[in-house]
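I have placed the structure first, in the form of structure tokens, so that the comments after it can refer back to it.
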Amino acid sequence: MLVLVFAALADLADLALPQCCLGCGTRGPRLCETCLDPVPARRMPRPAPHGLPECWSAADYTGAVREAIVAYKERGQTTLARPLATALAFTACHALAYTAGHAVADRPATPVAVAVVPVPSARRALRARGHDPVGRLAALAVRQLAAFGHRAELWPALGQARQVGDQAGLSATQRAANLAASLRVTPAAQARPAASVLLVDDIVTTGSTLAEAARTLRVHGVDVLLAVTVAATRRRSCNPLRSH
Ligand SMILES: [Zn+2]
């Protein structure tokens, strides 16, 4: 409940203050279209951890996009949720079109039934931040996907099974060990959707978290079609499947 109150107050504060883009300083949205400029692409970590689904993202984790994600997650600037979620949904549409063999962005994608699963944050991080950044992005992205013509639903099927250590500074192998069996399926996952499952997160670095999330769902009998994030760090392979 406190998280919801904080988020509502943060929204009101954001609306009350004059705003400018944190990338270029132009008066208007906190992240203008020029600075966001999503380029949906398959961006895989290298090496990719075992079990990582096809991983698409909207942008590199640099510049204004990086600033926006940090401001949104760590400083509670929740007005950034909408542009970031739009970039996420836009990327998911491209990924779905590419996966279905329709690698064309200029025409409506074939409608797909998708269940969007947010990667859960650690309870400690949720308390410290006062909001659920990825959960909010996922909920907004569902609405955007529906606006793009897909049959999308939010399916919060994953929760934290235990506390994990700080991932910062760990190698890919250490991250995988740190995350092993750290997630669980929630009661909501008992009713499996008749839809393709999209895992969503804010950024992908080594891919360990997404791989663990996909593994947890797979044990539960659910395959993940795609993982989609707003941004990808540069620790990844080159991008032979760029869609435009
Ligand atoms: Zn800008």
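Residues in the sequence shown are numbered consecutively from 776, following my numbering.
Ideal Cβ placement from N, Cα and C applies to all residues, glycine included.
Where does Ser-946 land, buried or exposed, given buried means 16+ other C-beta within 10 angstroms?
Classification of Ser-946: exposed, given that the 10 Å Cβ count is below 16.
Same chain, Cβ closer than 8 angstroms to Leu-827, five either side skipped, listed in chain order
Answer for Leu-827: Met-819, Pro-820, Gly-982, Leu-985, Ala-986, Ala-989 and Ala-1002, listed in chain order.
Counted within 10 angstroms of its Cβ, other Cβ atoms place Arg-926 as buried (16 or more) or exposed:
exposed
Can you tell me the Cα-Cα spacing of Leu-806 and Cys-795, whole angstroms?
8 angstroms
Are the Cβ atoms of Leu-929 and Val-891 separated by less than 8 angstroms?
Taking 8 angstroms as the Cβ cut-off, Leu-929 and Val-891 qualify as a contacting pair.
Pro-908 - DSSP class collapsed to helix/strand/coil:
helix
Using the C-alpha atoms, what's the distance from Gly-800 back to Ala-963?
42 angstroms
Report the CB separation of Thr-961 from Gly-934 in whole angstroms; it is logged as a contact under 8 angstroms.
Yes, they are in contact, since the Cβ atoms of Thr-961 and Gly-934 sit about 5 angstroms apart, within 8 angstroms.
Cut-off 7 angstroms between Cβ atoms - residues of its own chain near Gly-940, not counting five sequence neighbours on either side
Asn-953
Since Ser-896 is in the beta strand (DSSP E), which residue starts that stretch and which ends it?
Premise fails: Ser-896 is in no beta strand (DSSP E) and is neither H nor E.
Would the beta-carbon of Ala-839 be found less than 7 angstroms away from any heavy atom of ligand 3?
With respect to ligand 3, the structure offers nothing, as its ligand set consists of ligand 1.
If we require 3 or more residues per run, which beta strand (DSSP E) segments fall completely within the segment 908-995?
926-929, 933-935, 958-960 and 971-979
What is the DSSP secondary structure of Val-997, counted as helix, strand or coil?
coil
Rounded C-beta distance between Ala-856 and Leu-901? I'm assuming under 8 angstroms.
Wrong, their Cβ atoms sit about 15 angstroms apart, outside the cutoff.
Helix, strand or coil, according to DSSP, for Cys-752 in the structure here?
This structure cannot speak to residue 752, because the chain is shown only from 776 to 1019.
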